[in-house]
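A.B. asks:
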Amino acid sequence: MERPSYPSVRIRYLDRETVRKALDDLVKVLAEEHPELEAVILLGSFARGDAVPASDVDLLLILADSELPFHHRIPAFLPSRFPVSVDVFPYTRQEIEKMLREGNPFISSALEKGVELFRRPIPRG
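Numbering (this note's numbering), first residue to last: 625 to 749.
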């Protein structure tokens, strides 16, 4: 006898092209709205290419400077709509340099293995 499926079971599909397009759009908006943003680096499963339907997008955001504490910066960089969950890590350049000197494995790995999506050109003059 066939049994009905459980209503709590949901089959999810990861549309990588949709996520990639949304990511490109997000990076463009962030660069336009945040002149302090120097670079955006994609981390984790999407950077490695092994994302699954439950994966989120992890972004290291390198800022020139910020007066706000780390946790207070996060909301300004989160998208209002996105096909998957997004985690942002908005660190200033000075904070990243300090973490590198201290041997922080998260930052070291992010800079070594992450995929750079954006880098603001250095002004010449």
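For each residue, glycine too, the CB sits at the ideal point set by N, CA and C. In this text, all values refer to a predicted model and were calculated from it rather than measured experimentally.
Where Ala675 and Leu647 are concerned, what is the direct C-alpha to C-alpha distance, given to the nearest angstrom?
C.D. replies: Their backbone Cα atoms lie some 14 Å apart in a straight line.
A.B. asks: Where DSSP assigns a beta bridge to Pro714, which residues make up the other side?
C.D. replies: Answer is Leu685.
A.B. asks: Taking the CB atoms as reference points, tell me whether Ile698 and Leu683 lie closer together than 8 Å.
C.D. replies: Taking 8 Å as the Cβ cut-off, Ile698 and Leu683 do not qualify as a contacting pair.
A.B. asks: From the DSSP output, read off the bridge partner residues of Phe742.
C.D. replies: Paired residues: Val664.
A.B. asks: In this structure, does DSSP put Ser732 in helix, strand or coil?
C.D. replies: Looking at Ser732 - three-state DSSP - the assignment turns out to be helix.
A.B. asks: For Phe701, report the span of its alpha helix (DSSP H) as first-last.
C.D. replies: Its alpha helix (DSSP H) spans residues 694 to 701.
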